[in-house]
Each structure stands twice: as C-alpha cells, then as structure tokens.
Amino acid sequence: MEAEAVSRAAWFRTRRRDDERFARAVESGSDSDSFGAELAVVAALRRLGDSVTVDDRARERIVRRIVASPPRPRPRARLRPAALLAGLFSLVVALTGLGTALAQNALPGEPLYHLKLVQETVTLGLTFDAEDDAVRRLSYASRRLDEMTELGRHEGPDDSDEDGYQLALREFTAHATEGTSRLTALATRSDTRLLSVLSSWARRESTRLDTLIPALPATVGDDLGTLLQRIERRATALSARMDCYEITSATTDDLGALPATSGCAAPSPLPQHTDKPHTRPSIPAKRKEHTPPRDVPAPEHRRASMAIPYDTPEQSRRPVQPEGSLDPTDVAPPPTVPAPVPAPTRARLPDSSPEEPPLLSIAPLLPGLPAVTIG
1 MEAEAVSRAA WFRTRRRDDE RFARAVESGS DSDSFGAELA VVAALRRLGD
51 SVTVDDRARE RIVRRIVASP PRPRPRARLR PAALLAGLFS LVVALTGLGT
101 ALAQNALPGE PLYHLKLVQE TVTLGLTFDA EDDAVRRLSY ASRRLDEMTE
151 LGRHEGPDDS DEDGYQLALR EFTAHATEGT SRLTALATRS DTRLLSVLSS
201 WARRESTRLD TLIPALPATV GDDLGTLLQR IERRATALSA RMDCYEITSA
251 TTDDLGALPA TSGCAAPSPL PQHTDKPHTR PSIPAKRKEH TPPRDVPAPE
301 HRRASMAIPY DTPEQSRRPV QPEGSLDPTD VAPPPTVPAP VPAPTRARLP
351 DSSPEEPPLL SIAPLLPGLP AVTIG
C-alpha cells in the first residue's frame with residue numbers, strides 16, 4: 001500500500017511538471033521540439049479566432065454561459081407512502097381477483113382449491129338471512145359432488161390417491177349437515193315448505209350419486225349414500241309430525257333436532273270468547289221546572305206576563321192535533337245514559353303542585369271585573 005501511494009505521488013508530480021512546461025511553451029513559443037504538434041494546434045486556433053468576427057451580443061451571451069453556474073441536477077422523485085400503499089393495495093386486489101377467477105374451476109388437491117373454500121366461507125359470512133344461508137350451504141354441498149365427478153373423470157377410483165376425495169367428502173359433510181340443521185330448525189317453526197325443499201334436494205343428490213358411485217372410492221361412496229339417506233329420512237319424519245302438538249324432542253344430533261316419539265296429538269284449539277252486548281239502562285228524562293228563588297219575590301209584571309198564554313213562531317207552525325192526542329215533539333224518547341265508569345282503585349295524583357293562597361284578596365268592585373289579589 002505504501003509503495004502504491006509513493007508511485008502515485010511521483011506520477012502526479014511528473015504530470016504537473018509537464019503541464020507547466022507546456023504552459024511556458026505556449027506563452028513563449030519555445031521548446032517546439034517536445035510540444036511541436038500541440039503548439040501547431042494552438043497557433044491554428046489563434047488564427048481561426050482572429051478571422052471570425054463576433055458581435056457584442058454574441059460575446060455577451062458567450063460570457064454569460066461561461067460565467068453561469070452549471071444547472072443543478074433535479075432531485076429524484078421520492079415515492080410517497082400514500083402512493084406506495086395505494087399501489088400495493090391495487091396489486092393485492094388484482095392478484096386476489098385473478099386468483100379467485102382461476103379458483104372457480106379448481107378441484108380438490110390443486111393449489112387454488114383452498115382459495116375457493118375461503119371464498120365460499122366469506123360468502124356465507126356475508127349472508128345474513130337464515131333461510132338463504134341454509135340453502136346456500138346445500139348448494140355448496142352439491143358443488144362438492146360436481147368436483148368428485150370431475151375427479152373421477154380425470155383420475156378414476158384409485159384408493160392410493162384419495163386425498164382429494166376425502167377433502168371433498170369432509171366439505172360435503174360439513175355443508176350438508178349444517179344446512180340440514182338450520183333448515184329443519186326454521187321449518188319446525190314455520191311450515192312444511194322448507195322440509196319439502198330439503199327432502200327434494202336429498203333425493204336429487206342420491207340419484208346423482210347412483211351414477212357417480214362407480215367412479216368413487218368405496219368408502220367415499222358409502223359415506224355419501226348414508227348421509228343422504230339420513231337427511232331424507234329426517235325430513236320425512238319431521239314432515240309427518242308437523243300437525244302434532246310435539247314435533248321435535250329435546251335430543252339433537254349433527255342433523256339438528258330429532259323428531260318426537262310420543263303420540264301425535266293435535267294442538268287444542270284456542271277458546272273463543274263471545275262477548276255479550278251490554279245493555280245500558282234507560283233513564284226517563286225529567287222535565288225541569290224553572291222556579292224563581294225563594295228569597296226573591298217575582299215582579300208584578302212578570303206574573304202578569306206568565307198568566308197570559310201566547311204562541312211562539314214554532315208553535316204557530318205546528319198542525320192542529322185532534323183532541324185527546326199528543327204531539328210527537330211533546331213526548332221525547334228516553335235518552336240512553338252511558339254506564340258509570342268505575343273509579344280507579346288508587347287516588348289520582350294531582351297534575352301540578354297546588355297553588356299557594358294569595359296574601360290579600362279584594363272582591364270585585366263592579367260586576368264583570370275580576371277580583372284583585374296581592375301575593
């Protein structure tokens with residue numbers, strides 16, 4: 001390392017000495033033997049500069065360019081965190097969408113099959129209606145049978161390579177049992193329509209399984225057939241007890257509540273209450289007689305006017321009734337008095353706090369004026 005540093009320093013000293021000799025040769029024109037070619041180029045450039053005329057504007061422009069500092073390099077654009085995150089999110093969404101599209105036709109045992117199962121799980125999580133959730137689970141169970149059919153076409157019944165069949169069987173069992181449990185729970189609380197849907201689905205899938213059994217491993221085919229028969233029998237038994245008072249028992253299994261084993265007794269009808277119409281007693285109307293106050297004597301002119309009978313306009317327009325008959329307007333129908341309302345068992349609380357009596361109250365000085373109260 002030291003020898004290399006010494007040699008480099010000697011090279012720099014030699015290069016600087018040669019540069020100084022060339023500068024002296026250009027200024028003085030001597031030492032043409034060592035720098036003859038270089039001095040000839042310098043002389044040609046000087047002659048060329050003398051032959052070309054440059055105006056003042058061009059000279060100033062050249063001077064400005066020489067004096068001006070070189071442009072600074074533009075800083076490299078930095079990636080913003082928000083833009084970086086948005087790009088990564090878009091990439092993830094694109095890859096997920098592509099993987100989901102490719103996983104639609106994936107079969108058990110393939111790399112994208114688990115992505116297909118995850119997509120189905122997410123769809124079930126976003127299904128909030130109980131009936132739709134149960135029916136969707138049955139459709140996913142039917143999809144597992146379709147996948148087994150495709151596996152049988154590609155591979156055949158090879159017992160040494162039945163991992164794909166076992167995976168499809170587990171998924172079929174999970175969806176079929178859960179869908180049956182949910183559907184029977186809803187049906188026993190509403191009507192037999194959902195039980196008919198479940199029974200039809202089990203018969204349809206059993207018919208498909210009969211044509212699929214030759215291409216399936218023996219254990220897988222037996223398990224599928226047994227489960228479908230159990231589902232059909234459960235739906236039939238519950239349908240037969242829908243008119244009974246007790247439909248299900250307190251015991252449950254993987255398919256939901258078991259049918260009751262007691263006798264089928266129809267539920268007792270609700271008692272019908274017949275309300276008899278209440279007859280309100282009729283109270284005959286009493287004619288009120290206007291009597292003057294006892295302590296105030298009647299005036300003389302009022303007594304005279306009361307003694308003289310006269311006809312009102314309404315009475316003058318009445319037709320003359322024969323003697324011994326009554327005017328219909330004189331006999332009023334007895335009014336109907338509503339039944340008395342029973343008083344409440346407890347005393348009613350006042351709506352507001354009682355007002356305090358005024359400090360001073362003066363009776364009205366003139367009739368029609370209010371009383372004067374202070375306080």
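Each residue of the sequence shown is one higher than the one before, starting from 1 at the first, in the UniProt record's numbering.
Idealized CB from N, CA, C, for every residue including glycine.
No experiment lies behind these values; they were computed from the predicted model shown.
First and last residue of the uninterrupted alpha helix (DSSP H) at residue i
{"i": "A237", "result": "A218 to A240"}
{"i": "A215", "result": "That residue, A215, is in no alpha helix (DSSP H); it is neither H nor E in DSSP."}
{"i": "D253", "result": "D253 -> not in any alpha helix (DSSP H); beta strand (DSSP E) instead, spanning T248 to D253."}
{"i": "V6", "result": "E2 to S28"}
{"i": "G99", "result": "P81 to A103"}
{"i": "R143", "result": "A130 to H154"}
{"i": "Y113", "result": "Y113 to G125"}
{"i": "E60", "result": "D56 to V67"}
Residue(s) in a DSSP beta bridge with residue i
{"i": "I362", "result": "V372"}
Integer-rounded CB distance, given that residue j should sit under 8 Å from residue i
{"i": "P81", "j": "G164", "result": "Contact flag wrong, Cβ pair sits at about 44 Å."}
{"i": "L183", "j": "D223", "result": "Incorrect: roughly 21 Å between the Cβ atoms, too far for contact."}
{"i": "G256", "j": "S181", "result": "4 Å"}
{"i": "W201", "j": "L138", "result": "5 Å"}
{"i": "D25", "j": "F35", "result": "The sequence given here has Ala at residue 25, not Asp. Yes, they are in contact, since the Cβ atoms of A25 and F35 sit about 5 Å apart, within 8 Å."}
{"i": "L195", "j": "A187", "result": "5 Å"}
{"i": "A103", "j": "L115", "result": "4 Å"}
{"i": "T192", "j": "M242", "result": "5 Å"}
{"i": "L145", "j": "D133", "result": "Not a contact, Cβ separation roughly 20 Å."}
{"i": "T260", "j": "T252", "result": "Looking at the sequence shown, residue 260 is not Thr but Ala. So it is not a contact: roughly 12 Å between Cβ atoms."}
{"i": "E232", "j": "R204", "result": "No, E232 and R204 are not in contact; Cβ-Cβ is about 10 Å, not under 8 Å."}
{"i": "L117", "j": "E162", "result": "Not confirmed; about 18 Å, so no contact."}
Residue i versus residue j - alpha carbon distance
{"i": "E38", "j": "W11", "result": "21 Å"}
{"i": "A3", "j": "T14", "result": "17 Å"}
{"i": "E20", "j": "E27", "result": "11 Å"}
{"i": "C244", "j": "P217", "result": "42 Å"}
{"i": "R46", "j": "S30", "result": "17 Å"}
{"i": "L87", "j": "S142", "result": "The amino acid at residue 87 is misidentified as Leu; the sequence shows Gly. Straight-line Cα distance between these residues: approximately 39 Å."}
{"i": "T211", "j": "T173", "result": "19 Å"}
{"i": "S90", "j": "L84", "result": "10 Å"}
{"i": "V197", "j": "A235", "result": "9 Å"}
{"i": "S361", "j": "V372", "result": "6 Å"}
{"i": "A58", "j": "R65", "result": "11 Å"}
{"i": "R346", "j": "G179", "result": "Only weak support exists for where R346 lies, its pLDDT of 47 falling under 50; the value from the coordinates is given anyway. Approximately 57 Å, taken between the alpha carbons."}
{"i": "R42", "j": "S7", "result": "Note that residue 42 is Val in the sequence shown here, rather than Arg. Cα to Cα, the separation comes out at about 32 Å."}
{"i": "P370", "j": "A363", "result": "8 Å"}
{"i": "V63", "j": "A9", "result": "37 Å"}
{"i": "T127", "j": "R74", "result": "55 Å"}
{"i": "R61", "j": "A23", "result": "28 Å"}
{"i": "R16", "j": "G49", "result": "28 Å"}
{"i": "L228", "j": "G221", "result": "11 Å"}
{"i": "V92", "j": "Q119", "result": "15 Å"}
{"i": "L112", "j": "L151", "result": "15 Å"}
{"i": "H175", "j": "T121", "result": "11 Å"}
{"i": "A237", "j": "S199", "result": "10 Å"}
{"i": "D254", "j": "T226", "result": "13 Å"}
{"i": "L209", "j": "T149", "result": "9 Å"}
{"i": "G230", "j": "E110", "result": "Inspection of the sequence shows that residue 230 is occupied by Arg rather than by Gly. So the alpha carbons of these two residues sit roughly 31 Å apart."}
{"i": "A250", "j": "R189", "result": "15 Å"}
{"i": "A40", "j": "V54", "result": "24 Å"}
{"i": "T219", "j": "A240", "result": "32 Å"}
{"i": "A130", "j": "R136", "result": "10 Å"}
{"i": "Q166", "j": "E246", "result": "39 Å"}
{"i": "A101", "j": "P214", "result": "31 Å"}
{"i": "R153", "j": "A106", "result": "14 Å"}
{"i": "A68", "j": "D18", "result": "31 Å"}
{"i": "E147", "j": "T177", "result": "19 Å"}
Extent of the continuous beta strand (DSSP E) to which residue i belongs
{"i": "P259", "result": "G256 to P259"}
Interface flag, residue i vs chain B, CB-CB below 8 Å
{"i": "T252", "result": "The chain labelled as chain B is not found in the depicted structure, where only one protein chain is given."}
key: Residue ranges of each beta strand (DSSP E) within the region 162-223, 3 or longer   = none
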